[in-house]
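Numbering (this note's numbering), first residue to last: 44 to 810.
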């Protein structure tokens, strides 16, 4: 392959040019040449073209090779120069070679010219490559030095004697020493506890440790500034072998802020751990990721037991309407606050005032839920006792009306019984008398039930409730117990929204307001209860609260009484403030009502004028759901027995007798017992044919609960209906645990009794 060659010829004759071209062509080159004859032309030609090689005479007028070589050097041009001459002295040859001539070819040796040119072109290419490599290396070194000098961390390089051989600008800033004061100094000047042995050299063991770790080691040490101040540093070190021996490269980072932050975090963690409140963090997949000592004290689970566990196993292990609402609200609104009834590790119930907050990432995505809970079990117990005492005060104020109504109910019963005994009534008259007895007895039983329910209270967990039924109940109690000179009326919206609250406390608020209205109408008047849905589009300022915009159920209690003077309106809700005579009130009715309403997130509006009555309007936050439809009553169907044997256990002879007669009249066989001991004896005698037991709970010698337990031991499958005239809050639940299949509350109708017996007998026993 012919290689094109650009040649600059200096001071050559035509004959020489022809000879040179011929020789180079034979040597495989295609010469492209230009001839110059002076130093001036030589310089001009250099700048016009890029030349591969220069073939030059040694000297002649207006030109000398050393001048040409000097100019090439000043221009930083690396072009191979070969001198072609007829003869040259040894001294001249040495001078030319020192000046930069690559080779000297005598005219009589021109045949070696192509080989010489090829060799010099190769050497020139190698020199250019070396220069590029060296330039790149120098550039890399400059870049590397810039990076090291401007690195965000202090860089300290030490030799095997732990003497400083390099530091960057950050080191000067961090330790306060100029570079010159650190070069050659022991590294202990800035890091007193640098890890070297007592001989002030890196120990072989430490050197091997460095060498075996690709990414070096990192350790926290104490740094020492020039002014004597100490501070915390993290030193990341790497062992590097070089041609001159190993060095240790140390990147040093000031961790004072980080250590302070870590200390603050530890302090905060200690504070959180020592907080009396339970502080819990729950991930979005409902797993517990933080559990402080307060949580351990409230719920009984240690941090080790709770961490990483599903919250439903630790916290929310039983279904709860309040809990479901809290979880829904915190995801929808970002937070929720209220009371929850949960269970400790030992199964005991705990009431907590909880605040749930949704924690989000920087991007706004839900990350976790923070729960801060305060154990208010004891407070709720005291509050419950106070509310019950306050209800008993209300019962006391109603006692006269209750006694009056009960006497009104008992009078027609007694008169009717006497009329029946005299046997002077016709069949139609007898039926009317029996209807009167039934109505009076039913009304009396309902009044007793209402009074007991209100007196007992049973404050419980908040649930979704329809206020219509509570208002109707309170209106009935007021109508039956207030003086007849007071007319009680109510008007309720058909689509009344549900609210989320405690039924008993809601009932107590209404009763307190109604009694307050009654006392304001000592001479008689009109009590009107009204309820409807209200949507607030802007905050509503009340006397004791500012209601946020939203949906509410508004319940107004209006009276036509004496009214409240303007100067007393600001005090009317204060605890123990009352305008009633001594012994006729504690002044806690309205303050209790306000506390309950505010605790439910609502408020009370009051409007009153002396001589024109008062209006108390309570606002409860509503759930925008319509009221439940009233269930229609169906005609009671009384089922007949089929000769089954029933054991009736009751200490009241009249109850035993009428129950026996009723059951026998409807096709059952009956054996009776007056107490628990007789019941067990009767069971032993008739066990083989006995179908079920009707068991009273309150009896002498051995009460019904003990009897029920013993009956279950004898026959786990015997069917039992427990009966009582008084129901405690947890009676039914306790009886279910003891083994009662059904529970009847006295008084009950014959139809209810017979239906319960028939349904239970026909129910299949599940073993």
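For glycine and all other residues, C-beta sits at the position ideal for the given N, C-alpha and C.
Reference residue i, options the options, closest by Cα
i, options, result
"residue 235", "784, 221, 261 and 274", "274"
"residue 793", "765, 734, 785 and 703", "703"
"residue 731", "179, 516, 690 and 698", "690"
"residue 295", "211, 115 and 651", "211"
"residue 416", "588, 564, 336 and 375", "336"
"residue 743", "177, 694 and 599", "694"
"residue 59", "667, 75, 128 and 509", "128"
"residue 545", "412, 384 and 592", "384"
"residue 154", "193, 67 and 119", "67"
"residue 413", "374, 420 and 392", "374"
"residue 101", "382, 130, 548 and 113", "130"
"residue 513", "568, 541 and 526", "541"
"residue 635", "650, 615 and 653", "615"
"residue 583", "132, 594, 736 and 575", "594"
"residue 591", "599, 686, 597 and 580", "580"
"residue 511", "555, 339, 574 and 525", "574"
"residue 220", "106, 270 and 174", "270"
"residue 152", "643, 303 and 62", "62"
"residue 323", "349, 303, 527 and 478", "349"
"residue 316", "301, 338, 302 and 325", "338"
"residue 325", "118, 716, 359 and 760", "359"
"residue 98", "135, 139, 160 and 81", "160"
"residue 399", "547, 79, 298 and 321", "321"
"residue 78", "71, 94, 69 and 148", "94"
"residue 196", "203, 71, 182 and 280", "280"
Counterpart residues of residue i in DSSP-defined beta bridges
i, result
"residue 275", "265"
"residue 762", "735"
"residue 744", "The partner list for residue 744 (beta bridge, DSSP) is empty, contrary to what the question assumes."
"residue 118", "Per DSSP, none; premise fails for residue 118."
"residue 602", "570 and 657"
"residue 897", "The requested residue 897 does not occur in the structure, where the chain is confined to residues 44 to 810."
"residue 106", "103"
"residue 291", "201 and 282"
"residue 209", "200"
"residue 128", "149"
"residue 49", "75"
"residue 61", "Residue 61 pairs with nothing; no bridge assigned."
"residue 652", "656"
"residue 97", "51 and 124"
"residue 403", "409"
"residue 382", "396"
"residue 517", "Answer is none; residue 517 lacks a bridge partner."
Rounded distance between the beta-carbons of residue j and residue i, thought under 8 angstroms
i, j, result
"residue 570", "residue 530", "7 angstroms"
"residue 137", "residue 126", "The Cβ separation is near 12 angstroms, so there is no contact."
"residue 4", "residue 201", "No statement about residue 4 is possible, as the shown extent of the chain runs from 44 to 810 and does not include it."
"residue 738", "residue 751", "6 angstroms"
"residue 167", "residue 121", "6 angstroms"
"residue 786", "residue 778", "6 angstroms"
"residue 268", "residue 218", "6 angstroms"
"residue 391", "residue 402", "So it is not a contact: roughly 30 angstroms between Cβ atoms."
"residue 803", "residue 748", "Wrong, their Cβ atoms sit about 19 angstroms apart, outside the cutoff."
"residue 640", "residue 552", "6 angstroms"
"residue 73", "residue 51", "Rounded, the Cβ-Cβ distance is 16 angstroms, inconsistent with contact."
"residue 596", "residue 550", "With 8 angstroms as the limit, residue 596 and residue 550 do not qualify as a contact, their Cβ atoms being about 14 angstroms apart."
"residue 298", "residue 276", "6 angstroms"
Any non-hydrogen atom of the ligand ZN within 7 angstroms of residue i CB
i, result
"residue 410", "Ligands displayed in this structure: none; no statement on the ligand ZN is therefore possible."
Which full runs of the alpha helix (DSSP H) of 4+ residues lie inside the segment 527-587, going along the chain? Taken in chain order, the whole alpha helix (DSSP H) runs of length 4 or more contained in the segment 527-587 are 546-562.
The segment 309-323 in contact with the segment 202-219 per 3-pair CB rule at 8 angstroms: Verdict: no, contact absent.
I'd like to know if the segment 784-793 and the segment 759-766 are in contact, where contact means that at least 3 CB-CB pairs between them fall below 8 angstroms. Cβ pair count under 8 angstroms is three or more, so yes.
Is it a yes or a no for the segment 559-574 touching the segment 602-617, going by three-plus beta-carbon pairs under 8 angstroms? Touching, yes, given that three or more Cβ pairs across the two stretches are closer than 8 angstroms.
Sufficient close CB pairs (3 or more, under 8 angstroms) joining the segment 178-194 to the segment 75-91: No contact exists between the segment 178-194 and the segment 75-91.
Are three or more beta carbon pairs between the segment 180-189 and the segment 286-301 nearer than 8 angstroms? These segments do not touch.
Could you name each continuous alpha helix (DSSP H) segment of 4 residues or more that falls completely within the segment 353-377, going from the start of the chain to the end? As for any alpha helix (DSSP H) of minimum length 4 sitting wholly inside the segment 353-377, the runs are 354-357 and 364-376, ordered along the chain.
Inter-stretch contact (C-beta, 8 angstroms, three-pair minimum) for the segment 703-717 and the segment 652-668: Pairwise C-beta distances place the segment 703-717 out of contact with the segment 652-668, as fewer than three of them are shorter than 8 angstroms.
Which residue spans inside the segment 676-724 form an unbroken beta strand (DSSP E) run of at least 3? Listed in chain order, they are 688-692 and 712-716.
How about the segment 351-363 and the segment 649-663: do they share at least three Cβ pairs that are nearer than 8 angstroms? In short, these stretches do not touch, since the Cβ pair count stays below three.
Which runs of the beta strand (DSSP E) at least 3 residues long sit entirely within the segment 299-348? Give them in chain order. Qualifying beta strand (DSSP E) stretches, in chain order: 321-326 and 331-334.
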